[in-house]
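Colleague: Provided herewith is a single structure, encoded as structure tokens, for subsequent inquiry.
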Amino acid sequence: MASNSRFDFFLSRELAKERKRLLLERAELADESFQIAQCPDDTTLRLTHMRKLEEHVESLTLYYERAALLSAES
4 MASNSRFDFF
14 LSRELAKERK
24 RLLLERAELA
34 DESFQIAQCP
44 DDTTLRLTHM
54 RKLEEHVESL
64 TLYYERAALL
74 SAES
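If you want the working numbering, it's the position in the sequence shown, counting the first as 1, plus 3.
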């Protein structure tokens with residue numbers, strides 16, 4: 004049982020790191036959104052931003068799936 008407890012601790016620590024990374028990424032995306040609002044005709048910036056948003060949503064989905072698994076096992 005102790006090793007399972009250690010694994011849960013490790014996993015929750017990893018989730019905390021991932022959450023912090025996602026929050027920083029969200030701040031960067033908000034910055035880019037502001038830049039796009041200033042230059043709405045910059046197609047390259049818009050496309051890059053959309054790709055980053057899609058990746059961010061995928062990362063969030065994985066994060067919440069892992070968090071739900073950890074929560075269900077507790």
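We treat Cβ as the ideally placed atom computed from N, Cα and C, and that holds for glycine.
Output the distance between the C-alpha atoms of Arg24 and Leu65, rounded to the nearest integer angstrom.
Modeller: Position 21 of the sequence shown, counted from the first residue, corresponds to residue 24. Position 62 of the sequence shown, counted from the first residue, corresponds to residue 65. For Arg24 and Leu65, the distance between alpha carbons rounds to 13 Å.
Colleague: Work out the CA separation of Arg9 and Ile39 for me, nearest whole Å.
Modeller: Here the question's residue 39 lines up with position 36 in the sequence shown. Here the question's residue 9 lines up with position 6 in the sequence shown. In a straight line, the C-alpha of Ile39 is about 45 Å away from that of Arg9.
Colleague: Cutting at 7 Å between CB atoms, please list the residues of its own chain near Leu73, excluding the five before and the five after it.
Modeller: If you number the sequence shown from 1, residue 73 lands on position 70. Only Asp11, Leu14, Ser15 and Leu18 meet the Cβ criterion.
Colleague: Sort Glu76, Arg54, Leu63 and Ala71 by Cα distance to Leu21 and report the nearest one.
Modeller: Working through the sequence shown from its first residue, we reach residue 21 at position 18. Leu is not the amino acid found at residue 21; the sequence shown has Glu there. Out of Glu76, Arg54, Leu63 and Ala71, Leu63 has the C-alpha closest to the C-alpha of Glu21.
Colleague: Less than 8 Å between the C-beta atoms of Cys42 and Leu50, yes or no?
Modeller: Taking the sequence shown and counting its residues from 1, one reaches residue 42 at position 39. Taking the sequence shown and counting its residues from 1, one reaches residue 50 at position 47. Against a cut-off of 8 Å, the Cβ pair of Leu50 and Cys42 comes out as no contact.
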